[in-house]
Structure formats: structure tokens, C-alpha cells
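Everything on this sheet refers to the single structure shown next.
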Amino acid sequence: MISEDEVKAIATEHGVPISQIEKDYVIGWLLWGISKNRALSNQLVLKGGNCLRKLYYPETRFSDDLDFTAKTKFGTGQFKNHLNGLCGQVRERSGLEFDLEQTKVKVTPISHEGLHAIDGRVYFRGFAGDSSITMRIKFDVSEYEKIVLPLQTHPLIHGYSDADLCSTDVLAYSLEEVLAEKLRSWIQRTRPRDLFDMATIIKSGAIPINHGQIMNAFLQKTVYKNIPTANQEELLYEEKFEVIENSWDSTIICPRDSRIIAKNAVDLFSDFVETLFSKKTIGLFKGASPQTGFGHYDYRSGIRESIISAGKAQRLIRMRYRGIDRDIEPYSFRYRLTKGGYGGEYFYGFDRTRGDTIKSFLLPKVEKVSILPQIYSPRWLVEF
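Under the working numbering, the letters of the sequence shown match residues 1047 to 1430, in that order.
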């Protein structure tokens, strides 16, 4: 385990709290532990912010979470045992102290397709200040997410003096898959960290990226292979940029030398999208498409953004769908292909007015949305 002086020196250098460096250090060791765990090393695929920070761009933003796609299903007790097991391995190797009695695992149903999400939490004792303080690292694990491009293994980047002890390879998304997933998420969730991550990759230029592979993965994740320019318009919808600018500084924690102001991130992203959707790149996919069949969502209506805002605040919406008003608990958006090969974007919500059950609604058929003052207690994972 590294010294208190080292942690404090790095925190001062980066201009972040000491606790942020402690968590970042522990995350590196947890990834080492996963790579050495037979039950987890080939089943958990790293993605998200720490995929970028720990495998590609060590100077990008910090994240307190470890995000994975699971290639198999885990039960609650089973996954908790795996977490405690890898924490034990990490303790023996690094000297970090975990409170195994506090380890928590919750399996939450997702509102579609009978899948689940795992929320796991491990707790460790602070080691660069008050050792009585216990801190948490969160595991977010999704089952069987659509992965288009081949998985890759990369050396763990552990920027601390015990890097030799923590040396390992980690199974992860390719950089092109990360970008494609961030593009899809930007359309359906509008989160500052997704824009920051994309701007970081674009600005760096340190790692070559294949635009054709990014577009291939993105179009498969959104099923709109025959109308890619519509996606371009949705990605650059100005209201999205206005939403994230208000929370940019409060939600992005990164080394001071890696900070990107919101306006610069928007400019970088806009230029990237224009290049990505060039005639040359789009031409590679001409004619390879499912049919949309259901019409296309008019992003200018602001309906999706209203649903996202309501979901983040866990507030009910009143939605007019095919001429009928319904009170709905919002949960997620999904692109989906029907058995007949038609593609469409669906909104998943719990219908309190008609049937009192979870339903999927074709987004282009939603006519109007208003956000109600009532708060709801989620029955499924809220994915906004």
C-alpha cells in the first residue's frame, strides 16, 4: 500500500480531494483482483469512465464506480461472495483493509426483456488520513448488453508507486465501442460525463480511432442503419447542450490539467460528429439496414428530453399516446428490432392509468408529455 504522503502529493498535484485519490487507487487494485479471479475475469467486461481512465487515458476524469457488462447471470449471494473473495485477494497483495461485513449486493430488474442490473458495493478503510472513515466503491453490472466489436484486453494503468505489484491485463470494450455506446447514451440520457468522455477522446488524439468501426457499432446499437443523418441531428440537438452546461462543473471531477470547459467540449463534439457522419463514412453502410417502419421521432418536439428530466427526478409524466392521456413512471429508452425486422425506439414506463403495468411505447407515436409534481418510488432500474 502506498504512503499517506504519496496520496496527499498526488491530490495536491491534481487539485482534487484526498479521498478521490484513495478511491482511484483502490479501484486500480479492485481491477487487479477481478483479473485474478477465475469466476469474474472472463465474465465481467469493463466499460464506462474507469475503462477510459484505467486502460486508455490516465489523466481523464475520476469515477467512483466500476461499470461492467456481464457475459453471464449472477445471483445476489453469488456475486457478494465473489466481491468478498476478490477483496480478500486484494488485501493480501496490497495491504488495503476492506470491511467485508458491509459488502452489499442488490439485483434490480430492468423494465424490459427480463434482464437485471447488479448494484454491488464494497467498503474500505481510509489510509491517507482518518483511518476510522470508511469509503465505498460501487459496482454497476448490466447483463448481456449488445457488444458489436471484438472485446480487447489492455494493461491496467496504475499511476502509483506500487504499479509493479498491481500489474495485470483487463478485459474491456474497444475504444470504438466505448465511443459508440457514449453516442447512444448521449441521445437517450443526456449526461455531462458522457460528453466529457467523448471530448477527452477527441481532444487527446493519442490513440487512433476507426471512424468506420465507431459508426458500425453506433448504427447497430440504434438500429437506424438506413437513416444515419437523423441520428446526427439528434446528437447535436442544442437543448441537450443547454441542459448539461448548468451541472458541468459540479459533476466532473478531473485533474486540473485535464479540465475541459463545457463550451469547448460542445465544440469538439460537434466537429467530431460532423466528421463522423461525413459522406465517406456513411457511404460504407449504404443499403445495410433494417426498415424503420414506424416513422421517425421528431427530436425538436423535446419529448425525449422531458421524459429524461422526469426520470432523473423520479417524477410522473402525463403522456398522450395514440390520442389517450396516461400517467406514467418513466424508466428507460431502448432501440429494438421486431420479429419482422423493423427497427424503432421504444420508451419503457409503468402505466398507472391503463393496465397498471410496465409497457413499451413507440417514441414517434408519443404526441405530448408534461412533467407532474408527483414523485414515484422506482419498481425497476431508472436508466436516465
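Glycine included, each C-beta is placed from N, C-alpha and C at the ideal position.
Hey, is the segment 1412-1423 in contact with the segment 1357-1369, meaning 3+ C-beta pairs nearer than 8 Å? yes
Which one or two residues does DSSP pair with E1375 in a beta bridge? F1396
Tell me whether G1348 counts as near the ligand HEM, meaning its Cβ is closer than 7 Å to at least one heavy atom of that ligand. The ligand HEM is absent from the structure shown, which contains no ligand whatsoever.
Taking the beta strand (DSSP E) that M1261 belongs to, which residues open and close that run? Per DSSP, M1261 belongs to no beta strand (DSSP E); it is in the alpha helix (DSSP H), 1257-1268.
How would you call K1325, buried or exposed, if buried means at least 16 neighbouring beta carbons within 10 angstroms? exposed
Could you say if the segment 1288-1301 and the segment 1052-1069 meet the contact criterion of at least three C-beta pairs nearer than 8 Å? yes
Inter-stretch contact at 8 Å, needing at least 3 Cβ pairs: the segment 1304-1322 / the segment 1230-1242: yes
Under 8 Å, with one C-beta from each stretch per pair, do the segment 1107-1118 and the segment 1182-1193 reach the 3-pair mark? yes
Any 3 or more C-beta pairs closer than 8 Å across the segment 1223-1241 and the segment 1086-1098: yes
Find out if the Cβ-Cβ distance for the pair T1048, D1210 is shorter than 8 Å. For the record, residue 1048 in the displayed sequence is Ile; it is not Thr. No, they are not a contact pair.
Report yes if the C-beta distance between A1218 and L1101 is below 8 Å; otherwise report no. yes
Within 10 angstroms of its Cβ, does L1330 collect 16 or more other Cβ (buried), or is it exposed? exposed
Cβ atoms of I1417 and F1396: under 8 Å apart, would you say? no
Counted within 10 angstroms of its Cβ, other Cβ atoms place Y1071 as buried (16 or more) or exposed: buried
CA-CA distance, D1295 and R1107? 12 Å
Rounded to a whole number of angstroms, what is the C-alpha to C-alpha distance between K1126 and L1427? 19 Å
What is the DSSP secondary structure of V1072, counted as helix, strand or coil? helix
Where the alpha helix (DSSP H) through E1284 begins and ends: 1284-1291
If you drop the 5 nearest sequence neighbours on each side, which residues of the same chain put their C-beta closer than 6 Å to that of F1407? Y1367, F1393
Return the first residue and the last residue of the alpha helix (DSSP H) that A1308 is part of. 1308-1322
In or out: N1088 buried (at least 16 other Cβ within 10 Å) or exposed? exposed
Taking 6 Å as the limit between beta carbons, can you name the residues of its chain near E1429, skipping five residues before and five after? S1378
Give me the Cα-Cα distance between Y1169 and R1099, rounded to the nearest whole angstrom. 21 Å
Going by Cα to Cα distance, which pick from G1160, R1139, Q1135 is closest to K1119? G1160
Using the rule of at least 16 other Cβ atoms within 10 Å of the residue's Cβ for burial, across every protein chain shown, is I1067 buried or exposed? buried
Hey, quick one: how far does the alpha helix (DSSP H) through M1244 stretch, first residue to last? 1238-1250
Backbone CA spacing between E1391 and K1405 [nearest angstrom]: 13 Å
When DSSP builds the beta bridges, which residues end up paired with V1151? G1166
State the Cα-Cα distance for the pair L1229 and V1289, rounded to the nearest angstrom. 16 Å
For Q1420, the first and last residue of its enclosing beta strand (DSSP E): 1412-1421
With a threshold of 8 Å on Cβ separation, who are the neighbours of K1286 within its own chain once the five nearest residues in sequence on each side are excluded? W1232, T1236, E1351
With H1200 as the anchor, note down where its beta strand (DSSP E) starts and where it stops. 1198-1201
Taking contact to mean 3 or more Cβ pairs, one atom from each stretch, closer than 8 Å, check whether the segment 1074-1083 and the segment 1132-1141 are in contact. yes
On a CA-only basis, which of L1221, I1164, N1083 is nearest L1197? Give me that one, please. L1221
Would you mind giving the Cβ-Cβ distance between E1147 and R1171, rounded to the nearest angstrom? I have them listed as a contact below 8 Å. About 12 Å; that fails the 8 Å criterion.
Three-state secondary structure (DSSP) at F1125? helix
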